[in-house]
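Asks: Residue numbers (my numbering): 468 to 819. The beta-carbon is built from N, C-alpha and C at its ideal position, and this holds for glycine as well.
1. Does the beta-carbon distance from residue 716 to residue 710 come in below 9 Å?
2. Reducing DSSP to helix, strand and coil, say where residue 765 ends up.
3. Cα-Cα, which of 654, 660, 513 is closest to residue 648?
4. Hey, quick one: how far does the alpha helix (DSSP H) through residue 462 stretch, first residue to last?
5. Across the segment 527-538 and the segment 685-701, are there enough close Cβ pairs to call them in contact, namely three or more that are closer than 8 Å?
6. Helix, strand or coil for residue 730 per DSSP?
7. Assign residue 486 to one of two classes, buried (16 or more other C-beta atoms within 10 Å of its C-beta) or exposed (fewer than that).
8. To the nearest angstrom, how far is it from the Cα of residue 524 to the Cα of residue 797?
9. Assuming residue 766 contacts residue 672 under a Cβ cut-off of 8 Å, what Cβ separation, rounded to an integer in Å, is found between them?
10. Leaving out five residues before and five after residue 651 in sequence, what residues of the same chain have Cβ atoms less than 6 Å from its Cβ?
11. Return the CA-CA distance between residue 745 and residue 730, expressed in angstroms with no decimal places.
12. Confirm, please, whether the CB-CB distance from residue 750 to residue 718 is below 9 Å.
13. Ignore the nearest five residues each way along the sequence and tell me which others in residue 791's own chain have a CB closer than 8 Å to its CB.
14. Looking only at its own chain, which residues have a Cβ that is under 8 Å from the Cβ of residue 682, when we skip the five neighbours before and after it?
15. Considering only the beta carbon of each residue, do residue 545 and residue 706 sit closer than 9 Å?
16. Please state whether the Cβ-Cβ distance between residue 768 and residue 776 is less than 9 Å.
17. Between 726, 811, 713, which has its C-alpha nearest residue 703's C-alpha?
18. Straight-line CA distance for residue 809 to residue 653?
19. Cutting at 7 Å between CB atoms, please list the residues of its own chain near residue 512, excluding the five before and the five after it.
20. Do the CB positions of residue 761 and residue 814 come within less than 9 Å of each other?
21. List the endpoints of the continuous alpha helix (DSSP H) containing residue 702.
22. Can you give me the C-alpha to C-alpha distance between residue 770 and residue 713, rounded to a whole angstrom?
23. Can you give the beta carbon distance from residue 643 to residue 794, rounded, assuming they're within the 8 Å contact cut?
24. Who are the Cβ neighbours of residue 645 in its own chain at under 7 Å, not counting the five residues just before and after it?
25. So what does DSSP say about residue 783, is it helix, strand or coil?
26. Which residue marks the beginning of the alpha helix (DSSP H) containing residue 814, and which one marks its end?
27. State buried or exposed for residue 480, treating a residue as buried only when at least 16 other CB atoms are found within 10 Å of its CB.
28. With a threshold of 7 Å on Cβ separation, who are the neighbours of residue 497 within its own chain once the five nearest residues in sequence on each side are excluded?
29. Alpha carbon to alpha carbon, how far is residue 488 from residue 739?
30. Mapping the DSSP letters down to three states, classify residue 639 as helix, strand or coil.
31. Skipping 5 residues on each side, what residues in its chain have a beta carbon closer than 7 Å to that of residue 701?
32. For the alpha helix (DSSP H) containing residue 748, list its first residue and its last residue.
33. Would you check if the distance between the CB atom of residue 802 and the CB atom of residue 633 is smaller than 9 Å?
34. Could you tell me how far apart the beta carbons of residue 640 and residue 506 are, in whole angstroms, since I believe they sit closer than 8 Å?
35. From the DSSP output, in three-state form, read off residue 479 for me.
36. Helix, strand or coil for residue 504, going by three-state DSSP, please let me know.
What follows is the structure, encoded as structure tokens:
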């Protein structure tokens, strides 16, 4: 076997072993991957603060504190809203039971041809008594918590690992980058650094485009829900728009809160239909217009390529494929550009 083929076989074996190791360690890698993504996003701000003679550790603490503060403000917006809507929901349950007995039950009897009877007073008392007896519900939850305690502890450990790993990654970012730079073979160093710089630029453009998508979709949802007459249009619209960076999360949470608010506010079903229409149109705009336009153009992907990447990665890798489809596509695009340039400069292409 020739030396170049042996070297290529070594690299392929190393890559296969790395992929296998990542697959086997997948369940415990997620907090570190999440911490790495957050550290990459926050590192430019830490670098700016460090450039102003601020100790890097202090800069990391300030940036992470600001991120924690923003997360806390988001929870302060969401939790009181959710609590109010649930309380209103419980208060209106008896009215819905009476309305169902008065209007829905006769229709069902007519359609089914059978006699249906229920004790609405007993049903209302049952629901209200269970709502008020939180201690009983908590007692029923204790056995479930005991059986699923290990899973809950694992989840909490992962959540605690994310800020811990993020802190050390941000603090030691320059040292880690320098160590990885030293591992690059010297005769490849120039080309590898050229590719890394271009990938970094493309990912930065992706993040800017994603922020633009979040702001635009927040404005859309606020306006659409306001036109639908929803009282909570502002907080629900902002929340739904800010969460669009996680596929389907913004729609699921926003649609659930908006539907609950519409049921509380509007006497009929028409208001709920308007809310559903607003979110349905929002999903179409985000997936087929806003994201391809604001993100695809920035990273150099054609709008059709953006749509294809989202569908393909989602089909193959599921939820995380949707989450990483565009940044991975941007990295692949950079690799394809350099591969094309190398091919056009090769003797195989130029040879007559």
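Replies: Well, looking at it:
1. Numbered from its first residue, the chain shown carries residue 716 at position 249. Numbered from its first residue, the chain shown carries residue 710 at position 243. Cβ atoms of residue 716 and residue 710: closer than 9 Å.
2. By one-based count along the chain shown, residue 765 stands at place 298. If DSSP states are grouped into helix, strand and coil, residue 765 belongs with the helices.
3. Here the question's residue 648 lines up with position 181 in the chain shown. Comparing Cα-Cα distances from residue 648 to each of 654, 660, 513, the minimum goes to 660.
4. The first residue shown for the chain is 468 and the last is 819, placing residue 462 beyond what the model contains.
5. no
6. By 1-based counting over the chain shown, the position of residue 730 is 263. Three-state result, residue 730: helix.
7. Indexing the chain shown from 1 puts residue 486 at position 19. Label assigned to residue 486: exposed.
8. Taking the chain shown and counting its residues from 1, the one referred to as residue 524 is at position 57. Taking the chain shown and counting its residues from 1, the one referred to as residue 797 is at position 330. Approximately 32 Å between the Cα atoms of the pair.
9. The residue labelled residue 766 in the question sits at position 299 within the chain shown. The residue labelled residue 672 in the question sits at position 205 within the chain shown. Yes, residue 766 and residue 672 are in contact; Cβ-Cβ is about 5 Å, under 8 Å.
10. Translated into the one-based positions of the chain shown, residue 651 becomes position 184. Taken in chain order, the residues that qualify are 659.
11. Residue mapping note: residue 745 aligns to position 278 of the chain shown, counting from 1. Residue mapping note: residue 730 aligns to position 263 of the chain shown, counting from 1. Cα to Cα, residue 745 sits roughly 15 Å from residue 730.
12. Residue numbering aside, residue 718 sits at position 251 when the chain shown is read from its first letter. Residue numbering aside, residue 750 sits at position 283 when the chain shown is read from its first letter. Taking 9 Å as the Cβ cut-off, residue 718 and residue 750 qualify as a contacting pair.
13. Taking the first residue of the chain shown as 1, we reach residue 791 at position 324. Answer for residue 791: 780, 784, listed in chain order.
14. Counted from its first residue, the chain shown places residue 682 at position 215. 708.
15. Numbered from 1 along the chain shown, position 78 holds the residue referred to as residue 545. Numbered from 1 along the chain shown, position 239 holds the residue referred to as residue 706. Going by C-beta atoms, residue 545 is nearer than 9 Å to residue 706.
16. In the chain shown, counting from the first residue as 1, residue 768 sits at position 301. In the chain shown, counting from the first residue as 1, residue 776 sits at position 309. Contact: yes.
17. Mapped onto the chain shown, residue 703 falls at position 236. Checked all of 726, 811, 713; the closest Cα to residue 703 is 726.
18. Indexing the chain shown from 1 puts residue 809 at position 342. Indexing the chain shown from 1 puts residue 653 at position 186. Rounded to the nearest angstrom, the two C-alpha atoms are 19 Å apart.
19. Looking up residue 512 in the chain shown gives position 45. Hits under 7 Å: 530.
20. As a working mapping, residue 761 is identified with position 294 in the chain shown. As a working mapping, residue 814 is identified with position 347 in the chain shown. It is not a contact, given that the beta carbons lie outside the stated cut-off.
21. Residue mapping note: residue 702 aligns to position 235 of the chain shown, counting from 1. Looking at the DSSP string, the run of the alpha helix (DSSP H) that includes residue 702 is 700-709.
22. As a position in the chain shown, residue 770 is number 303, starting the count at 1. As a position in the chain shown, residue 713 is number 246, starting the count at 1. One C-alpha to the other measures close to 19 Å.
23. As a working note, residue 643 is residue 176 in the chain shown. As a working note, residue 794 is residue 327 in the chain shown. About 20 Å separates the two Cβ atoms, so there is no contact after all.
24. By one-based count along the chain shown, residue 645 stands at place 178. Around residue 645: no qualifying Cβ.
25. Locating residue 783 in the chain shown gives position 316, counting from the first residue. Looking at residue 783 - three-state DSSP - the assignment turns out to be helix.
26. Position 347 of the chain shown, counting from 1, holds the residue named residue 814. Note, residue 814: alpha helix (DSSP H), 814-817.
27. Locating residue 480 in the chain shown gives position 13, counting from the first residue. Per the 10 Å Cβ criterion, exposed.
28. Walking along the chain shown from the start, residue 497 turns up at place 30. Answer for residue 497: 625, listed in chain order.
29. Numbered from its first residue, the chain shown carries residue 488 at position 21. Numbered from its first residue, the chain shown carries residue 739 at position 272. When rounded, the distance between both Cα atoms is 48 Å.
30. In the chain shown, counting from the first residue as 1, residue 639 sits at position 172. Correct three-state label for residue 639: coil.
31. For the purposes of this step, residue 701 is identified with residue 234 of the chain shown, where counting begins at 1. For residue 701, where only same-chain residues beyond five positions count, the Cβ hits under 7 Å are 689.
32. For the purposes of this step, residue 748 is taken as the residue at position 281 of the chain shown. From DSSP, the alpha helix (DSSP H) with residue 748 extends over 737-752.
33. The residue you call residue 802 lines up with position 335 of the chain shown. The residue you call residue 633 lines up with position 166 of the chain shown. No. Outside cutoff.
34. Looking up residue 640 in the chain shown gives position 173. Looking up residue 506 in the chain shown gives position 39. About 7 Å; that satisfies the 8 Å criterion.
35. Mapped onto the chain shown, residue 479 falls at position 12. Helix at residue 479.
36. Walking along the chain shown from the start, residue 504 turns up at place 37. In this structure, residue 504 counts as helix in the three-state DSSP scheme.
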